[in-house]
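One structure is given below, encoded as structure tokens.
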Ligand SMILES: [Zn+2]
Ligand SMILES: [Zn+2]
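Residue numbers (full-length UniProt numbering), protein chains in the order written: chain A, 1 to 199; chain R, 1 to 391.
This is the structure in structure tokens:
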């Protein structure tokens, strides 16, 4: 039991004696971009919660006092991106992170003014932001590529009727089947249907 | 043995696991020769069905050879028998089974207490599905234990390739029941939402049962091609207005029979704003299912008509136009398929060449490529419609 999560080991308890239990795990259907998306999603949630709950710590560190309300709004945005990045629609989540990065960068730039005593912190924050933006961009692109429908061949199935005798010979071929009484519905209108009588 | 194992959202792996062992007197062990990935496996892949646990073996479309038998089978099954394993586990003895309502068997769900709590009353045990339906290990594996085997499996003859028989386990009977419970009349227009594997089988069933016209709705060109090949008139909802087109094709009256082969994860697009609304609610955990197709069916269906739902729903769906449904006097029929009710008859129809269900297979790969194929199937890459895995 080398690479099993504790959860997998735990859930084995719910299995009966004759049920298969994992001995060794193979490679996952999740690729690197998918796992990175999850990491970024959790990061968004953490950062978003901090921005929402303790905006003062951030504004003080960056010398941006008075911008607490804005930081809270960004926190809510960050949580939204996080939830999306962790969802099946992670592509959307990652691209929303990229857009959010743009906003964050523009906002931190305003803290680079020479008279800001916390200018050094703002420079560090900007460097970090640029780094994370690069990661977001790369992962957004990689995820989009990986899950794009255009991957692989374009095939057509025009010859796949599924009817060995052809479609026309198969229309009504199972009319010998009698609908069971519990599944009957409205009576047939063969005699009165305008569409049938016209034919 | 090797098996495809669920580890979390979008995390399926080909693991080495312990071999299944006989537990009950009516158990058999089947050596799997073919199994398939089903659309409803994707709901599990997305973790939209509650009560999956890491370590669960996937798969409910399976066939193979009996290699071990319990002691209580009274000779009804023996080593070497070739069998298709329906996804519904059935005791064959309870009131529901006797009625032919196998998918609501009262005795096969070994985690009945869970299902009783969530659904009010338990339904049948299912292979490779949530713990609400027993958490039975599935058949995307080299071996599968089948409980209540004598009433659960369908014996099949030698000499017919697996590919023609495998889908007796689920999608063929599911499409068939979807059409049969619509009680198709020779004057009926049958509209079918979704041209995935179940949709394709439903189209063929409706054609065989003699519908006047069969209309199929999707947006993927390769799936619409296949639908057309099977005798359907197609509507691409990305290019045409579904309601207008359906009315056009029915002299303004709407289809008598509407069949939902989509279920809880309908396509999301800003062109259909309700789908975006549903997706947003789903992400916020305020709704589990996206019932766009239900809404459209209720709206367009002819008054007095019938709505048949083989598509899987998992929990709560919002904004269902009950007013329209009630006033139009629509009949609703739905449920997991009573597979065993139809398999013998459908086997005969395959043997008689009325239908060859293998037409739907677009990919056939070894079991260890399963994790990748889940993704290919989900992302609809490589024109993928149906994946068969060979252990
Ligand atoms: Zn299925
Ligand atoms: Zn039963």
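Beta carbons: idealized from backbone N, C-alpha and C, even for Gly.
Problem - Environment of residue 148 of chain A [buried if 16+ CB atoms lie within 10 Å] - result: Mapped onto the first chain, residue 148 of chain A falls at position 148. That one is exposed.
Exercise for the section: Say whether the segment 139 to 156 of chain A touches the segment 174 to 186 of chain R, bearing in mind that this needs 3 or more beta-carbon pairs closer than 8 Å, one atom from each stretch. Expected result: no
Problem - residue 73 of chain A, enclosing alpha helix (DSSP H) - first and last residue - result: On the first chain, position 73 is the one that residue 73 of chain A refers to. Here the alpha helix (DSSP H) through residue 73 of chain A covers 68 to 86.
Practice task
Please look up how many angstroms separate the CB atoms of residue 108 of chain A and residue 125 of chain A, rounded, as I've assumed it's under 8 Å.
Solution key: Within the first chain, residue 108 of chain A is the residue found at index 108, counting from 1. Within the first chain, residue 125 of chain A is the residue found at index 125, counting from 1. Contact holds; Cβ gap of about 5 Å.
Practice task
Might you give, ordered along the chain, the residues of its own chain that have their beta carbon closer than 7 Å to the beta carbon of residue 362 of chain R, omitting 5 neighbours on each side?
Solution key: For the purposes of this step, residue 362 of chain R is taken as the residue at position 362 of the second chain. Correct list, in chain order: 383, 384, 385, 386.
Practice task
Tell me whether residue 40 of chain R counts as near ligand 1, meaning its Cβ is closer than 8 Å to at least one heavy atom of that ligand.
Solution key: In the second chain, residue 40 of chain R corresponds to position 40, counting from 1. Residue 40 of chain R Cβ: within cutoff of ligand 1.
Practice task
For residue 87 of chain R, decide whether its Cβ has a neighbour in chain A, counting only Cβ atoms nearer than 9 Å.
Solution key: The sequence position of residue 87 of chain R within the second chain is 87, counting from 1. By this cut-off, residue 87 of chain R is not an interface position.
Exercise for the section: Answer yes or no: the CB of residue 154 of chain R versus the heavy atoms of ligand 2, is any distance below 8 Å? Expected result: Mapped onto the second chain, residue 154 of chain R falls at position 154. No.
Practice task
Using 10 angstroms around the beta-carbon of residue 66 of chain A, count the other beta-carbons present and answer buried if the total reaches 16, otherwise exposed.
Solution key: Reading the first chain from its first residue, position 66 is the one you call residue 66 of chain A. Exposed, since its Cβ has fewer than 16 Cβ neighbours within 10 Å.
Handout entry: Three-state class that DSSP yields for residue 126 of chain R in the structure shown
Key = In the second chain, the residue the question calls residue 126 of chain R occupies position 126. Three-state result, residue 126 of chain R: strand.
Practice task
Pick out whichever of A/120, A/18, A/44, A/115 has its Cα sitting closest to the Cα of residue 61 of chain A.
Solution key: In the first chain, residue 61 of chain A corresponds to position 61, counting from 1. If we check each option's Cα against that of residue 61 of chain A, A/120 comes out closest.
Practice task
May I have the straight-line CA-CA distance separating residue 210 of chain R from residue 179 of chain R, to the nearest angstrom?
Solution key: Sequence index remark: in the second chain, residue 210 of chain R carries index 210 (1-based). Sequence index remark: in the second chain, residue 179 of chain R carries index 179 (1-based). In this structure, the alpha-carbon of residue 210 of chain R lies about 10 Å from that of residue 179 of chain R.
Problem - Through-space distance from residue 48 of chain A to residue 101 of chain R, alpha-carbon basis - result: Residue numbering aside, residue 101 of chain R sits at position 101 when the second chain is read from its first letter. Residue numbering aside, residue 48 of chain A sits at position 48 when the first chain is read from its first letter. Roughly 50 Å between the two C-alpha positions.
Practice task
Check each residue of the segment 328 to 340 of chain R: if its Cβ is closer than 8 Å to any Cβ of chain A, include it; give the result in chain order.
Solution key: 331, 333
Exercise for the section: Take the Cβ of residue 148 of chain R as the centre, count every other Cβ of all protein chains shown within 10 Å, and call the residue buried at 16 or more, exposed below. Expected result: Here the question's residue 148 of chain R lines up with position 148 in the second chain. Classification for residue 148 of chain R: buried.
Problem - Alpha-carbon spacing of residue 75 of chain A relative to residue 64 of chain A, whole angstroms - result: Here residue 75 of chain A refers to the residue found at position 75 when the first chain is read from its first residue. Here residue 64 of chain A refers to the residue found at position 64 when the first chain is read from its first residue. About 16 Å.
Exercise for the section: Just the C-alpha distance for residue 50 of chain A and residue 17 of chain A, rounded to the nearest angstrom, thanks. Expected result: Here residue 50 of chain A is taken as the residue at index 50 of the first chain, counted from 1. Here residue 17 of chain A is taken as the residue at index 17 of the first chain, counted from 1. Residue 50 of chain A and residue 17 of chain A: Cα-Cα distance of roughly 46 Å.
Practice task
Kindly give me the distance between the Cβ atoms of residue 320 of chain R and residue 357 of chain R, rounded to whole angstroms, as I take these residues to be in contact under 8 Å.
Solution key: Counting from 1 along the second chain, the entry for residue 320 of chain R is found at position 320. Counting from 1 along the second chain, the entry for residue 357 of chain R is found at position 357. Rounded, the Cβ-Cβ distance is 32 Å, inconsistent with contact.
Problem - residue 265 of chain R: CB within 8 Å of a non-hydrogen atom of ligand 4 - result: Ligands in the displayed structure: ligand 1 and ligand 2; ligand 4 is not one of them.
Handout entry: Nearest-angstrom beta carbon gap, residue 181 of chain R and residue 333 of chain R [assumed within contact, 8 Å]
Key = What you label residue 333 of chain R is simply residue 333 of the second chain in a count that begins at 1. What you label residue 181 of chain R is simply residue 181 of the second chain in a count that begins at 1. Their Cβ separation, rounded to whole angstroms, is 4 Å, which keeps residue 333 of chain R and residue 181 of chain R in contact under 8 Å.
Exercise for the section: Can you give me, in chain order, the residues of the segment 356 to 374 of chain R that have a beta carbon less than 9 Å from any beta carbon in chain A? Expected result: 356, 357, 358, 359, 360, 362, 368, 370, 371, 372, 373, 374
Exercise for the section: Tell me, please, whether the CB atom of residue 209 of chain R is closer than 9 Å to any CB atom in chain A? Expected result: Here residue 209 of chain R is taken as the residue at index 209 of the second chain, counted from 1. Interface residue (Cβ-Cβ distance to chain A less than 9 Å): residue 209 of chain R is classified as such.
Problem - Same chain, Cβ closer than 6 Å to residue 366 of chain R, neighbours up to 5 away in sequence not counted - result: The residue labelled residue 366 of chain R in the question sits at position 366 within the second chain. For residue 366 of chain R, where only same-chain residues beyond five positions count, the Cβ hits under 6 Å are 390.
Exercise for the section: Could you tell me whether the segment 191 to 210 of chain R touches the segment 229 to 236 of chain R, using the rule of 3 or more Cβ pairs below 8 Å? Expected result: yes
Handout entry: Within chain A, the residues that residue 46 of chain R reaches when beta carbons sit closer than 7 Å
Key = By 1-based counting over the second chain, the position of residue 46 of chain R is 46. In chain order: 88.
Problem - Unbroken stretches of the beta strand (DSSP E), 3 residues or longer, contained in the segment 72 to 134 of chain R - result: Listed in chain order, the beta strand (DSSP E) elements of length 3 or more contained wholly in the segment 72 to 134 of chain R are 82 to 85.
Handout entry: Near ligand 1: residue 237 of chain R beta-carbon under 8 Å from a heavy atom
Key = To locate residue 237 of chain R, count along the second chain from 1; it is residue 237. No - ligand 1 has no heavy atom lying nearer than 8 Å to the Cβ of residue 237 of chain R.
Exercise for the section: For residue 394 of chain R, count neighbouring C-beta atoms within 10 Å of its own C-beta (all shown protein chains included) and say buried if the count is 16 or more, exposed if not. Expected result: With chain R covering 1 to 391 only, the question about residue 394 of chain R has no answer from this structure.
Problem - Start and end residues, beta strand (DSSP E) containing residue 143 of chain R - result: Here residue 143 of chain R refers to the residue found at position 143 of the second chain. Segment 143 to 146, the beta strand (DSSP E) holding residue 143 of chain R.
Exercise for the section: Using a cut-off of 8 Å between C-beta atoms, extract the partners of residue 23 of chain A located in chain R. Expected result: Within the first chain, the letter at position 23 stands for residue 23 of chain A. Within chain R, the residues near residue 23 of chain A are 15, 16, 17, 18.
Exercise for the section: Assign residue 197 of chain A to buried or exposed, taking buried as 16 or more other Cβ atoms, counted over all protein chains shown, within 10 Å of its Cβ. Expected result: In the first chain, counting from the first residue as 1, residue 197 of chain A sits at position 197. Note that residue 197 of chain A scores 46 on pLDDT, short of 50, meaning its location in the model is unreliable; the coordinates nonetheless yield the value given after this. Residue 197 of chain A is exposed by the Cβ-count criterion.
Exercise for the section: Give the interface partners of residue 79 of chain A over in chain R, defined as CB-CB distance under 9 Å, in chain order. Expected result: For this step, residue 79 of chain A is matched to residue 79 along the first chain. The premise fails here: residue 79 of chain A is roughly 11 Å from chain R at the closest Cβ pair, so nothing lies under 9 Å.
Exercise for the section: Any chance you could list the beta strand (DSSP E) runs of at least 3 consecutive residues sitting entirely within the segment 193 to 258 of chain R, in chain order? Expected result: 213 to 218, 233 to 236
Practice task
Compile a chain-ordered list of the residues in the segment 29 to 41 of chain R whose CB is closer than 8 Å to at least one CB of chain A.
Solution key: Of all residues in the segment 29 to 41 of chain R, none has a Cβ within less than 8 Å of some Cβ in chain A.
Practice task
Pick helix, strand or coil for residue 58 of chain A, following the three-state DSSP scheme.
Solution key: Within the first chain, numbered from 1, the residue matching residue 58 of chain A stands at position 58. Correct three-state label for residue 58 of chain A: helix.
Problem - residue 170 of chain R CB to nearest heavy atom of ligand 1 below 8 Å - result: In the second chain, the residue the question calls residue 170 of chain R occupies position 170. Residue 170 of chain R Cβ: within cutoff of ligand 1.
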